[in-house]
Every structure is written in structure tokens, then in C-alpha cells.
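J.: First the structure, which I've put down as C-alpha cells, then a few questions once you've had a look.
Protein chains: 2
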Amino acid sequence: MDVPQLRDPIAIKTLAENVKRYRTECTLSQEALANIAGIEYSQVSRIERGVINTSVSVIFALAQALDIRPSQLLETKK
Amino acid sequence: MDVPQLRDPIAIKTLAENVKRYRTECTLSQEALANIAGIEYSQVSRIERGVINTSVSVIFALAQALDIRPSQLLETKK
DNA sequence: TTGACTTAAGGCAAATTTGCCTTATTATTG
DNA sequence: CAATAATAAGGCAAATTTGCCTTAAGTCAA
Chain Y
1 MDVPQLRDPI AIKTLAENVK RYRTECTLSQ EALANIAGIE YSQVSRIERG VINTSVSVIF
61 ALAQALDIRP SQLLETKK
Chain C
79 MDVPQLRDPI AIKTLAENVK RYRTECTLSQ EALANIAGIE YSQVSRIERG VINTSVSVIF
139 ALAQALDIRP SQLLETKK
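Okay, structure coming up:
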């Protein structure tokens, strides 16, 4: 690749904040959420810290584990 | 990696259908959408065909180009 | 303090995505 | 039909994500 793939800090941060907010509302630990969602625990940590630009599949898995709709994880204030 | 990363066909297909639907509503070609969103044209094709599990940053870029909210691209029929 | 729990942080190899490119295939219109 | 636009499809190297792992740091109750 000549140019790195698109990384939008606002998109990444929006997802990070929403995951953290919904997770703490459920009083789930990062590890518990990861287990329910079927992903690696360290990924939840990286997503909430905004270090990775994760995929639509992971967003769906997290939403299902949090018992919310996938679209809610992309909600923006506006 | 020992295990391939999570790919959820339902998540990928949901995004694919939503991008295609909103894009055609705007009467934009895949190429035009890609140019506005600042991504590669072939990516739009791959996303709409459901061959890739794209990122939250790309979802935000597409939404902005389509003049909709990012969450709308993850809408599921309940 | 001690201990248990939670989160942050980082390394690593393999899998995947991405940008750039080319070549078919499929409308669609004149 | 010819020509043009639009889409599908695939290759490639580099960048990124992911799963698995370890270690450190922070939190909180007993």
C-alpha cells in the first residue's frame, strides 16, 4: 500500500466512548464483555482507549453482548 | 494469530445493503461516493458486495459523504 | 498492608484491509 | 451495433487488526 488506511480519530473516539458508557451501564468488566461478545479481552481495552479502528463485525458483536442495537454504538452527539 | 479475526456475515451484509441503498437514493455512482468520502473506489465495490469487514472510520466517511448519520449505516430491520 | 479485581500497555505472528492497478462484465444510451 | 458508464473481480505490497501472551499499574474492600 502506498497510503495507510483511513483512521478517523472522531470515529474511533465516538465508538470508544459509547462502548465504555454502555458497558459500565451494564456493570460489566472489559473481560466479561469480551467473553460474552466472543472477542479477545485486550481488544475491548484497545477499543475503549481508541487505539484501534475496529470492524463492523466487532461492533455488532459488542452490541449484541450489550443488548443494544449496533447503531447505538455509533451515536454521535448532535 | 492463531484464530482469524471475527467476520460476521450479518454485520457485513447489513452494512453492504445500507450503503447501496443510501448511495442509490443519492444517485451517486460507487466512484463518486468514493471520491467524496476520500476512499478508494474499489473499496466501495467490495463493501457493497460484502467481501470486506470494513472499519468504523470508513463507515463514518461514507456516512458523511452520503449526508446521513453513521448510525444509519448500521440500521437493522429490528 | 494484603489480596483480588480491573485496566493499561505492549510484543508477536498470522490474517485482513487498503490503496493502486488492470481486466471483464454488465447495463444503458445513441 | 458501437460506445460509454458503471460495476465486478482479482493481484499485489504495505499497513493494520486480531488473538494470545506477559507485565505493570490502578482500584477497592477486608
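Chains as they are written, first to last, in the numbering used here: chain Y, 1 to 78; chain C, 79 to 156.
No residue lacks a Cβ here, since even glycine has one placed at the ideal position from N, Cα and C.
Quick one: Cα of Y/L62 to Cα of Y/V19, how far?
T.: Going by the C-alpha atoms only, they are around 8 Å apart.
J.: With C-beta atoms as the reference, is C/S133 less than 8 Å away from Y/S71?
T.: No; because the gap between Cβ atoms is not below 8 Å, this pair is not in contact.
J.: Does C/R145 come within less than 8 Å of chain Y when only Cβ atoms are used?
T.: For the record, residue 145 of chain C in the displayed sequence is Asp; it is not Arg. No, no contact with chain Y.
J.: For C/V129, count neighbouring C-beta atoms within 10 Å of its own C-beta (all shown protein chains included) and say buried if the count is 16 or more, exposed if not.
T.: By the neighbour-count rule (16 or more Cβ atoms within 10 Å), C/V129 is not buried but exposed.
J.: Within 10 angstroms of the Cβ of C/Q121, are there 16 or more other Cβ atoms? Answer buried if so, exposed if not.
T.: So C/Q121 ends up on the buried side.
J.: Drop a sphere of 10 angstroms on the beta-carbon of Y/I10, count the other beta-carbons inside from all chains shown, and report buried for 16 or more, exposed for fewer.
T.: Flag for Y/I10 reads exposed.
J.: Return the residues of the region 51-64 of chain Y that lie within a Cβ-Cβ distance of less than 7 Å from chain C, sorted by chain order.
T.: Against chain C - using a Cβ distance shorter than 7 Å - the residues of the region 51-64 of chain Y are N53, T54, S55, V56, S57, V58, I59, F60, A61.
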